[in-house]
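For reference, the structure is listed below as structure tokens.
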Amino acid sequence: MSALLNVNKMTHYFGGLRAVHNYNLTIEPHQITGLIGPNGAGKTTIFNLITGVYTPTEGAITLENENIKGLETNEIAAKGLGRTFQNLALWRHMTVLDHIKMAHYSQLSYGLMGAFFNTRKCRQQEARVEENAYRLLELFDIKQHADQLVTNLSYGAQRRVEMARAMATNPKILFLDEPTAGMTPDELVQMIKIIQQVHQDFDVAIFLIEHRMKFVMELCQYIQTLVFGELIAEGPPEEIQNNPEVIEAYLGKEDLT
Amino acid sequence: MEALTEFIPYILQNLINALQRGSFYAVISIGYSMVYGVLMLFNFAHGDIFMLGTYIGFGIATLFLTLFAGFLPGPVIFIATVVITMFLASWIGVFVEVAGYRPLRSAPRASAAITGLMIGIIFETGILILLGAKRLSFPPLMESIAYNIGGVYFTNVKVLIIILSLFLMLALHTFIQRTKWGMAMRAMSYDFLAVPLMGVSINVMAPLTFAIGAGLAAVAGILYGQAYPILDPYMGVLIGWKAFVAAILGGRGSIKGAALAGYLLGFIEIFVATIFPSTLRDLIAYSIILLILTYRPRGFFGMEHSTKLRL
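Below you can see the structure in the form of structure tokens.
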């Protein structure tokens with residue numbers, strides 16, 4: 000079985016600044032991979048490069064052996080790549096239900112004429128989307144907020160809306176950019192459960208950026224450590240946890256004097 | 000008592016005039032707001048798109064009237080003119096987006112604004128070269144019938160302008176609320192970044208938005224031609240700027256706000272003209288609007304904008 004996502008020797012420059020250097024990544028189907036590293040290491044840049052927000056200067060990216068480098072973000076998304084953002088990218092004055100419906104955009108194939116005449120195909124598709132949306136809302140524990148504007152929800156609930164929205168696009172691989180940022184300890188525990196459940200219920204691989212070690216160690220099967228745009232260590236959690244270079248990057252060099 | 004019986008028809012009369020005037024501003028200003036909502040830029044060529052739409056409407060109307068007058072009933076010719084003009088004018092919107100704004104999508108917004116102004120000038124001078132400086136007169140698409148109900152005068156044309164404008168805005172509202180494209184447009188006005196991740200192509204949404212704005216402006220042009228049947232290449236400038244003011248007053252990116260502000264503008268202009276000399280109309284009307292904006296710079300339905308610096 001071949002890898003789901005493959006990134007090979009990806010390098011990216013912003014002007015003269017080398018933000019990412021020789022980055023490699025292989026994600027197998029159904030695998031949870033973590034990307035850790037200090038602030039400014041280039042973690043979010045890597046997300047942006049793979050999801051098509053920027054096109055990498057060098058390197059290759061394939062999803063299920065198909066090249067996705069240089070495609071538009073919407074084309075990459077349609078091929079099965081879902082994503083959440085570090086600082087929530089929600090549509091503040093739209094309802095929770097509308098968020099999930101919107102995420103079904105690619106699955107609605109009716110045309111302008113179909114919408115104009117409200118054809119049977121159009122109605123059927125809309126009904127199916129609504130049904131699927133409610134199923135997701137239930138799974139992410141936000142069904143009770145379905146008709147509320149997202150801006151009125153708690154921060155934790157907003158994060159869950161964003162994740163439900165990403166899952167509604169039916170991704171093969173889900174990118175989570177700091178899914179627990181700004182969460183209370185209770186919300187954190189709930190988030191771990193939700194991610195585990197999503198992983199269990201859907202046939203989806205997960206790639207996540209995270210700062211809280213406990214969270215990463217508990218969830219991930221494989222971890223990469225990025226410092227100044229370069230990978231300094233990768234492997235299973237136990238290995239990373241005890242790697243002196245990783246400890247140094249996070250805590251600074253041990254002072255022996 | 001007698002003063003009252005004269006006063007009420009007088010007010011009603013002005014209300015109808017204000018509604019007609021407001022209809023033009025409302026329908027045109029929606030084009031500014033929609034584009035701003037989706038792409039965060041004001042399309043300063045919009046007034047001239049209105050002008051081009053009016054010329055297209057003029058062409059289609061003249062063609063149909065010479066070909067079919069007598070064979071086809073008036074309403075059929077009118078509807079056909081509106082539909083075909085809308086269709087053709089929407090391609091102008093697509094052209095402006097693809098040729099003018101798309102190459103500048105990641106450029107500073109000021110560059111896009113200047114491009115818009117340039118496109119407007121190109122359209123104006125283009126028409127000037129093509130058709131000359133002679134003013135043309137828009138042929139009436141229906142026989143004007145005047146009514147007098149209790150001292151209030153109005154024509155069927157006026158009623159049609161008001162009703163058709165309302166109908167178009169309601170149709171647009173339904174489109175925005177009910178269809179997937181409308182939903183994508185709303186989403187883009189709140190957060191641009193997440194929309195492509197839903198599989199929505201900006202290169203589809205942007206021209207679609209421009210097309211709708213241009214189509215609406217063209218219908219406004221036909222209706223304008225029925226009310227004030229004179230066409231000249233610079234007719235879009237003043238009305239374009241006024242509609243832009245309405246879009247700002249309504250709140251950047253708010254379609255509902257643009258429509259309401261368009262009507263408000265119509266009301267202010269008409270009622271100022273009933274009190275003050277008409278030469279001072281714009282001066283006083285727009286001073287009032289300036290005053291409103293001083294106390295409410297966001298406009299009626301404008302959102303606070305936080306510019307995102309990173310993804």
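Which chain is which? The protein sequence lines are A and B, in order.
The first sequence begins at 0 in numbering that gives the first Met the number 0 and counts up by one.
The second sequence begins at 0 in numbering that gives the first Met the number 0 and counts up by one.
Virtual Cβ for every residue (Gly too), placed ideally from N, Cα, C.
Since the model is a prediction, treat every value here as computed from it, not as a measurement.
Residue i, enclosing beta strand (DSSP E) - first and last residue
i: Ile208/A; result: Ala204 to Ile208
i: Phe299/B; result: From DSSP, Phe299/B is part of no beta strand (DSSP E); its letter is neither H nor E.
i: Leu16/A; result: Leu16 to Ile26
i: Asn5/A; result: Leu4 to Phe13
i: Ile120/B; result: Ile120/B -> not in any beta strand (DSSP E); alpha helix (DSSP H) instead, spanning Arg108 to Leu130.
i: Arg82/A; result: Leu80 to Arg82
i: Tyr146/B; result: Ala145 to Ile148
i: Leu173/A; result: Ile172 to Asp176
i: Leu34/A; result: Ile31 to Ile35
Cross-chain neighbours of residue i in chain B, by beta carbon under 9 Å
i: Lys100/A; result: Lys179 and Met182
i: Gly81/A; result: Leu196
Straight-line gap, residue i to residue j (C-alpha atoms, nearest Å)
i: Gly30/B; j: Thr183/A; result: 44 Å
i: Ile59/B; j: Val95/B; result: 21 Å
i: Glu11/A; j: Glu177/A; result: One detail in the question is off: residue 11/A reads as His in this sequence, not Glu. The straight-line gap from Cα to Cα measures roughly 22 Å.
i: Gln19/B; j: Ile160/B; result: 6 Å
i: Pro232/B; j: Ile113/B; result: 20 Å
i: Leu4/A; j: Glu63/A; result: 6 Å
i: Glu130/A; j: His172/B; result: 24 Å
i: Arg122/A; j: Thr72/A; result: 28 Å
i: Leu292/B; j: Gly298/B; result: 6 Å
i: Arg158/A; j: Thr43/A; result: 17 Å
i: Glu123/B; j: Lys142/A; result: 54 Å
i: Phe139/A; j: Glu233/A; result: 31 Å
i: Gly131/B; j: Leu62/B; result: 19 Å
i: Phe266/B; j: Leu51/B; result: 26 Å
i: Arg251/B; j: Ala257/B; result: 8 Å
i: His20/A; j: Phe174/A; result: 20 Å
i: Leu230/B; j: Ile221/B; result: 11 Å
i: Pro138/B; j: Ala205/B; result: 34 Å
i: Lys179/B; j: Glu244/A; result: 49 Å
Option in the options with minimal Cα separation from residue i
i: Pro170/A; options: Gly36/A, Ile191/A, Thr10/A and Gln106/A; result: Gln106/A
i: Glu229/A; options: Met9/A, Ala2/A, Leu3/A and Asn5/A; result: Met9/A
i: Tyr53/A; options: Ile31/A, Gly14/A and Lys78/A; result: Gly14/A
i: Gly239/B; options: Leu116/B, Leu165/B and Val203/B; result: Leu116/B
i: Arg134/B; options: Met33/B, Ile126/B and Met141/B; result: Ile126/B
i: Glu238/A; options: Gln220/A, Tyr249/A and Ala248/A; result: Gln220/A
i: Leu80/A; options: Ser277/B, Gly198/B, Ala260/B and Ile287/B; result: Gly198/B
i: Gly33/A; options: Pro243/A, Arg211/A and Ile246/A; result: Arg211/A
i: Gly21/B; options: Phe275/B, Gly301/B, Val271/B and Ala260/B; result: Ala260/B
i: Gly51/A; options: Glu74/A, Pro235/A and Ile31/A; result: Glu74/A
i: Val271/B; options: Asn16/B, Glu5/B and Arg177/B; result: Asn16/B
i: Leu16/A; options: Thr61/A, Glu244/A and Phe227/A; result: Phe227/A
i: Leu103/B; options: Leu40/B, Ala2/B and Leu11/B; result: Leu40/B
The alpha helix (DSSP H) enclosing residue i, as first and last residue numbers
i: Asn73/A; result: Thr72 to Ala77
i: Glu57/A; result: No alpha helix (DSSP H) holds Glu57/A; the beta strand (DSSP E) holding it covers Glu57 to Leu62.
i: Asn202/B; result: Ile201 to Ala226
i: Asn155/B; result: Asn155 to Arg177
i: Ile141/A; result: No alpha helix (DSSP H) contains Ile141/A, which DSSP labels as neither H nor E.
i: Ala232/A; result: No alpha helix (DSSP H) holds Ala232/A; the beta strand (DSSP E) holding it covers Glu229 to Gly234.
i: Val226/A; result: Looking at the DSSP string, Val226/A is not in any alpha helix (DSSP H); the run it does join, the beta strand (DSSP E), is Tyr221 to Val226.
i: Val95/B; result: Run containing Val95/B: none; DSSP gives neither H nor E here.
i: Ser153/A; result: Segment: none, Ser153/A is in no alpha helix (DSSP H) and carries neither H nor E.
i: Val271/B; result: Ile254 to Ile274
i: Leu48/A; result: Lys42 to Thr50
Neighbouring residues, chain A, relative to residue i (Cβ below 8 Å)
i: Tyr189/B; result: Leu89, Trp90, Arg91, His92 and Met93
i: Ala106/B; result: Correct list: empty, because the minimum Cβ distance to chain A is about 16 Å.
i: Ala25/B; result: By Cβ distance, chain A contributes nothing, its closest Cβ being about 22 Å from Ala25/B, past 8 Å.
Residue i: contacting residues in chain B (beta-carbon distance under 7 Å)
i: Gly15/A; result: The contacting residues do not exist; Gly15/A stays about 19 Å from chain B at best.
i: Asn73/A; result: Pro195, Gly198, Val199 and Ser200
i: Leu148/A; result: The premise fails here: Leu148/A is roughly 10 Å from chain B at the closest Cβ pair, so nothing lies under 7 Å.
i: Tyr104/A; result: Lys179, Ala183, Met197, Gly198 and Val199
i: Leu107/A; result: Lys179
i: Asp97/A; result: Met182
i: Ala77/A; result: Gly198
i: Ala114/A; result: Thr178
Residue i beta carbon near the ligand NAP (any heavy atom closer than 7 Å)
i: Phe243/B; result: Ligands in the displayed structure: none, and consequently the ligand NAP is not present.
Listed by chain order, chain A residues near residue i by CB distance under 7 Å
i: Ala186/B; result: Trp90, Met93 and Met101
Original post:
Using a beta-carbon distance cut-off of less than 7 Å, what residues from the region 210–241 of chain A approach chain B?
Top reply: none
Subject >> Under 8 Å (Cβ pairs) to chain A, residues found in the region 216–244 of chain B >> reply: none
Subject >> Contact list for the region 192–214 of chain B against chain A, Cβ threshold 7 Å >> reply: Leu192, Ala193, Pro195, Leu196, Met197, Gly198, Val199 and Ser200
**OP:** Name, going along the chain, the residues of the region 159–193 of chain A whose beta-carbon falls closer than 7 Å to a beta-carbon of chain B.
**Re:** Thr168
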